[in-house]
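> Following this message is one structure expressed as structure tokens.
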Amino acid sequence: MVSAVGEASGKILLIGEHAVVYGHPAIAMPVRGVTARAEVEFTREAGVVVEAPDLGERAGRGDGSSVRIGPFVRLAESALALFGEQAQGVRIRLHSTIPIGCGMGSGAAVAVALLRGICSAFNRRLSADQIAELSMESEREFHGTPSGVDSAVIARDEPVYFVKGKAPQPITVGPCAFRFVIADTGVESPTIRVVQEVSAARERNRAKYDAIFWEVGSMASVAREIIRGGGPPELGVCMNHSHALLRQLGVSSPELDRLIVAALEKGALGAKLSGAGRGGVMIALVGDDADEERLAQELRNAGARSVFTTVLSGN
Ligand code: PMV
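Quick note on this note's numbering: the sequence shown kicks off at 196 and runs consecutively.
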């Protein structure tokens with residue numbers, strides 16, 4: 196019998212990836228078409244068991260070897276300890292439609308869904324910021340030194356302007372709506388590896404890398420102002436310039452560049468890789484008169500494995 200269910204959306208980084216690890220701002224948005232779900236059930240036997248039937252995985256206490264779901268066992272144990280409920284046995288079944296390892300926040304979304312499910316099962320309340328903070332425990336196991344942007348946007352379930360270590364700020368959207376198509380290259384790219392490689396490259400040439408990070412971060416600040424009072428063509432310029440900077444960091448790939456060129460040729464106002472890069476997803480801004488379904492089809496024709504859409508608009 197399922198006692199409680201927790202859910203969380205996926206996410207996409209609009210602008211600011213990599214620079215955000217070094218203290219610069221980034222903008223991220225939820226993607227509501229994909230979700231993680233955690234079903235929490237009380238069991239007679241004490242201890243936490245986590246099952247991910249879609250991955251064919253199951254782990255309990257002491258199964259630290261399960262790379263994909265071991266961190267969620269430990270996260271659930273921490274949540275039970277926080278509530279003083281360690282004596283209660285729980286089984287947590289995880290499901291997710293968020294592609295794994297492609298920059299759409301699957302790990303953070305599963306963590307947030309799991310924590311929401313546990314809160315609901317024990318009738319406890321945690322704020323979005325507390326959930327984000329707690330979910331960093333499994334994020335650190337997966338990603339090493341995550342900036343926290345994934346946890347922040349997913350726990351708040353609203354677009355955020357994020358600076359590491361500071362309270363995330365909501366994004367104000369002015370009169371224009373911004374419509375996006377997201378396309379997955381189908382190439383899995385572990386964030387931890389790309390972030391470590393960028394860090395090693397920065398150690399060899401700090402002046403170059405810090406200047407690029409600075410410029411990527413300033414694109415995020417400019418984008419925030421455009422979203423507040425400007426229009427899609429200006430945001431497109433910011434996105435294109437950000438992609439050029441990310442290429443200088445060495446985190447694009449032929450598959451990403453192919454989808455980005457295809458999007459721009461088919462009328463997107465801007466396009467860039469999103470997330471850690473070297474694979475994973477790209478994001479394209481749809482023009483005022485353009486049709487996102489048509490652009491989505493063009494991206495499938497150009498080799499995208501799957502395509503999603505999201506909109507940034509005011510009330
Ligand atoms: O988890 P991803 O692939 O969306 O990457 C997160 C973005 C980075 O800035 C590269 C890493 C981070 O921790 O913010």
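In this text, a Cβ means the ideal position worked out from N, Cα and C, and glycines have one as well.
Give the list of continuous beta strand (DSSP E) stretches no shorter than 3 residues that lie fully inside the region 327 to 386.
List check, beta strand (DSSP E) in window: 355 to 357 and 373 to 379.
> By Cβ distance below 6 Å, which residues in the same chain neighbour ALA214 in space, the five residues on each side in sequence not counted?
Cβ neighbours of ALA214 beyond the five flanking positions: PHE408, VAL411 and GLY412.
> Given this structure, state the Cα-to-Cα distance separating GLU246 from ALA402, to the nearest angstrom.
Roughly 46 Å separates the two Cα atoms.
> What would DSSP say about SER261, mapped onto helix, strand or coil?
Reduced to three states, the DSSP call for SER261 is coil.
> To the nearest angstrom, report how far apart ASP483 and ARG374 are at their CA atoms.
Whole-angstrom Cα-Cα distance: 9 Å.
> Considering Cα atoms alone, identify which of THR386, ILE366 and ALA274 is closest to ALA327.
Ranking the options by Cα distance to ALA327, first place goes to ALA274.
> Between the alpha carbons of THR238 and ALA457, how many angstroms are there, rounded?
Those two C-alpha atoms are separated by around 52 Å.
> Taking the DSSP output, what are the residues bridged to THR505?
PHE375, per the DSSP bridge assignment.
> In whole angstroms, what is the alpha-carbon distance linking ALA439 and ILE264?
Cα to Cα, ALA439 sits roughly 36 Å from ILE264.
> Going by DSSP in three states, PRO225 sits in which element: helix, strand or coil?
It is a strand residue.
> Below 7 Å CB to CB, which residues in the same chain sit around GLY284 once its five sequence neighbours on both sides are set aside?
Result list for GLY284: PHE237, THR238, ARG239, GLU240, ALA241 and GLY242, in chain order.
> Rounded C-beta distance between LEU507 and VAL368? I'm assuming under 8 Å.
LEU507 to VAL368, Cβ: 6 Å. Contact.
> Are LEU176 and ALA254 close, meaning C-beta to C-beta below 9 Å?
What the structure shows of the chain is the stretch from 196 to 510, and residue 176 is not part of that stretch, so it cannot be assessed.
> Is GLU334 closer than 9 Å to ALA303 when the C-beta atoms are compared?
In contact: ALA303 and GLU334 (Cβ atoms closer than 9 Å).
> Mark VAL307 as exposed unless 16 or more other C-beta atoms lie within 10 angstroms of its C-beta, in which case mark it buried.
It is buried - the Cβ of VAL307 has at least 16 other Cβ atoms within 10 Å.
> With DSSP run on the structure shown, which of helix, strand or coil describes ALA231?
If DSSP states are grouped into helix, strand and coil, ALA231 belongs with the strands.
> Within the chosen definition, does the region 342 to 360 reach the region 216 to 223 through at least 3 CB pairs nearer than 8 Å?
Taking 8 Å as the limit for Cβ pairs, the verdict is that the region 216 to 223 does touch the region 342 to 360.
> Could you give the distance in angstroms between the alpha-carbon of ILE210 and the alpha-carbon of ALA282?
For ILE210 and ALA282, the distance between alpha carbons rounds to 44 Å.
> Here's the rule I'm using: 16 or more other beta-carbon atoms within 10 Å means buried, otherwise exposed. How should ASN435 be labelled?
Buried, since its Cβ has 16 or more Cβ neighbours within 10 Å.
> What does PHE237 pair with, by DSSP beta-bridge criteria?
Answer is VAL285.
> Using the Cα positions of GLN443 and ASP405, report the straight-line distance between them to the nearest angstrom.
Computed Cα separation, rounded: 12 Å.
> Over what stretch of residues does the alpha helix (DSSP H) that includes SER416 continue unbroken?
From DSSP, the alpha helix (DSSP H) with SER416 extends over 401 to 424.
> By DSSP, does GLU202 sit in helix, in strand, or in coil?
GLU202: strand per DSSP, three-state reduction.
> Could you tell me whether any non-hydrogen atom of ligand 1 is closer than 8 Å to the CB of GLY475?
Yes.
> Let me confirm a value: LYS511 is counted as buried when at least 16 other C-beta atoms fall within 10 Å, else exposed. Which label applies?
Nothing can be reported for residue 511: it is not among the residues displayed for the chain, which extend from 196 to 510.
> Could you pull the DSSP bridge partners for ARG253 from this structure?
In DSSP, ARG253 forms a bridge with GLU246.
> Using the Cα positions of ILE295 and VAL305, report the straight-line distance between them to the nearest angstrom.
In a straight line, the C-alpha of ILE295 is about 11 Å away from that of VAL305.
> Are there 16 or more other CB atoms within 10 angstroms of the CB of GLU460, so buried, or fewer, so exposed?
Under this definition GLU460 is an exposed residue.
> Between which two residues does the alpha helix (DSSP H) holding ILE313 run?
Residues 301 to 316.
> In whole angstroms, what separates the C-alpha of ALA471 from that of VAL390?
So the alpha carbons of these two residues sit roughly 7 Å apart.
> Could you tell me which residues DSSP pairs with HIS290 in its beta bridges?
In DSSP, HIS290 forms a bridge with ARG232.
> When you compare the CB positions of ILE377 and THR505, do they come within less than 9 Å of one another, or not?
Yes.
> Let's see if you can read the secondary structure: which residues bound the alpha helix (DSSP H) around VAL456?
Looking at the DSSP string, the run of the alpha helix (DSSP H) that includes VAL456 is 449 to 460.
> According to DSSP, simplified to helix, strand and coil, what is SER469?
Here SER469 sits in strand by DSSP.
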